[in-house]
Each structure stands twice: as structure tokens, then as C-alpha cells.
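Numbering (our numbering), first residue to last: 2 to 315. Heads up, the beta-carbon is just placed ideally off N, CA and C, and yes, glycines get one too. Report on one structure; see the data block that follows.
Encoded structure:
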């Protein structure tokens, strides 16, 4: 009998021990889940702060707020819902935060792609503008024998490159930045007017770049004849009569009835005078007087008579 009671006690003790172990298993699993969730939340917050430096509260809440216990704190006397409900709630919050991070990452990637595309377009436009500003090398004004010496053009380009290497001063940069670019809705007109304002303020190199960009981007705009003529004037005012002559001649030859074709022909004579080429200056003045007699006694009379007085065309 005593042996039988001993066996009963041993069996009862085994069942009690098994029950205790089985009762502890859900609690241990729950602790492991809590630990994994807390680790995931910590990593997620670290990722958020890497993506959104400064703690933008549009995307995540601060870890500690005044008057509110921290996320990891347990409130005494306030039991939570079941362990499964708590886990599901925290998983939902993680999914929402991950969705926000994913959306923000896609927006940032798209913005970067657009920015890179815009920079590439600006670099291409600048390269095209600089290429357009280069002279063609020949200016046949009075016939096949009247051509521009290419070696002199190369010398002029070399001087321009040496000047560009020096770079603008901070005062000049500030002055250029103070010139407002209009925004009227007509992109071509806005580009031309901005170049005109730079030229009018005496910023000739900047005006040359802007006007060359305008001519390259808007070859069929009604302002293009103005842009080519003003590009030549910006070069002439900067002392580069060689390159100015090329742009004046190109504008005149493009359309002799255009609004600024007469101006370009007359300023071509000015460029020839600056270069000491009396023969070509006289050819340009004679053609101007024959082609545009009304302007020779009207809007451009002052410059026409002034250039006639500077050369002997007998």
C-alpha cells in the first residue's frame, strides 16, 4: 500500500511539473515575440531617423513626449488586452510606418531622377550655347575674296578663354544675381529680356551666354533677330569686334527683312571700323544706305552718319 501511494505521489508530481512547464511555454513564447517586436521597432526608428533627419513627426512619433510614459514603460495596475491583440496592434503600426517609408523613398528617388535629368539638360544647353557663341570663321561681305582670317578668330577665342578662367568676383556675382528674370509665360521672350537686362547693366559676358542660350533654344521665335543682334552688340561692347562681326553678319544674312537685320548690317560696319578694315566697313555702309534708305534718314540715322564720318569711303 505504501508503495502504491508513493507511485501515486510520483505520478501526481510529474503531472504538476508538466502542467507548470506547459503553462510557462506560452509566457516564454510571448516574451520572445515581445523581444523581437521591440527589436524591430528599434531598428525601424533608426531607419526613420536615417531617412528623415531631424525627427519629422509627420512620419513617426517621438519616443518621449511630455506627460506621456515611454513606449517601453509598463503602467502598473492597468492590464493590457490579450497578448495576441497587443502583438497584432504593434504589427499594424509597423506595417503603417514601413508603408510611409516606402512611399517617401519612392518620392525621393523620383525627385533625384528628375533633378539629374534637369542638370543634364542644363549642361547640354550650356554646351550648345557656348558652341553657338563661337564664330563661324569666315564673313563673306563683299564677295568671295572678302573672308575672315581664321587665325585671328582663334587668337580672339584664346583671349576669351583666358579671361573666363579668372572667374567673376563676389561683387560681380551679387550684381548679376540682382538682375531679375521676367516670368510672363512666354519663355522665349523671358529669356531674351533677361539677356537684354544683363547687357543693359553692363554684364557683357553674362549677357553673351544668356543670349546665345536664347538663340539656340528659340531659333524660330520672333525675338530671335533681336537676340542675334544683341549678342553681337554685347561682344562689340566687350571689345571683341571679331566675334561680334560674325554674329552681325549671320543675323543680316538670315533674313534681310527681319526687324534687326538693318541694325546688324550697320553694326557690322562698326565692327569693321574697330578692326581697322576700312574696305569692308565701306561695303557694309554702302549696302545699308542702298537697302534701308528710310532707316538711314530715320531711326538709325545717327549711327549711320557717325560711321560715315569715321571712315573715308572715296
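| Check | Outcome |
| --- | --- |
| Quick check on DSSP: helix, strand or coil for residue 238? | helix |
| Are the CB atoms of residue 236 and residue 245 nearer to each other than 8 Å? | yes |
| Could you give the C-beta distance for residue 174 and residue 91, rounded to a whole number, given that I count them as a contact under 8 Å? | Contact flag wrong, Cβ pair sits at about 55 Å. |
| Which residue marks the beginning of the alpha helix (DSSP H) containing residue 271, and which one marks its end? | 262–275 |
| Does the distance from the C-beta atom of residue 213 to that of residue 242 stay below 8 Å? | no |
| Could you say if the region 293–309 and the region 247–266 meet the contact criterion of at least three C-beta pairs nearer than 8 Å? | yes |
| Among 171, 176, 97, 250, which has the Cα closest to the Cα of residue 208? | 176 |
| Hey, how far is the Cα of residue 270 from the Cα of residue 108? | 57 Å |
| Looking only at its own chain, which residues have a Cβ that is under 7 Å from the Cβ of residue 302, when we skip the five neighbours before and after it? | none |
| Determine the contact status of residue 215 and residue 228, defining contact as a CB-CB distance below 8 Å. | yes |
| Within 10 angstroms of its Cβ, does residue 224 collect 16 or more other Cβ (buried), or is it exposed? | buried |
| Could you work out which residue in 85, 249, 280, 179 is closest to residue 226 when comparing CA atoms only? | 249 |
| Any idea if residue 314 is buried or exposed, counting beta-carbon neighbours within 10 angstroms, 16 or more meaning buried? | exposed |
| In terms of residue numbering, what span does the alpha helix (DSSP H) encompassing residue 188 cover? | 188–201 |
| Can you give the Cα-Cα distance for residue 280 and residue 185, rounded to whole angstroms? | 45 Å |
| Please classify residue 201 as buried or exposed, where buried requires at least 16 other C-beta atoms within 10 Å of its C-beta. | exposed |
| If you draw a straight line from the C-alpha of residue 282 to the C-alpha of residue 288, how long is it? | 10 Å |
| From the DSSP output, in three-state form, read off residue 283 for me. | helix |
| At which residues does the alpha helix (DSSP H) containing residue 215 begin and terminate? | 205–218 |
| Mapping DSSP to helix, strand and coil, what is residue 72? | Per-residue confidence for residue 72 stands at a pLDDT of 46, beneath the threshold of 50, marking its modelled position as unreliable; the derived number appears in the next sentence. If DSSP states are grouped into helix, strand and coil, residue 72 belongs with coil. |
| Taking Cβ positions only, does residue 257 come closer than 8 Å to chain B? | Of the protein chains in the structure, only one exists, and it is not chain B. |
| DSSP three-state call for residue 87: helix, strand or coil? | helix |
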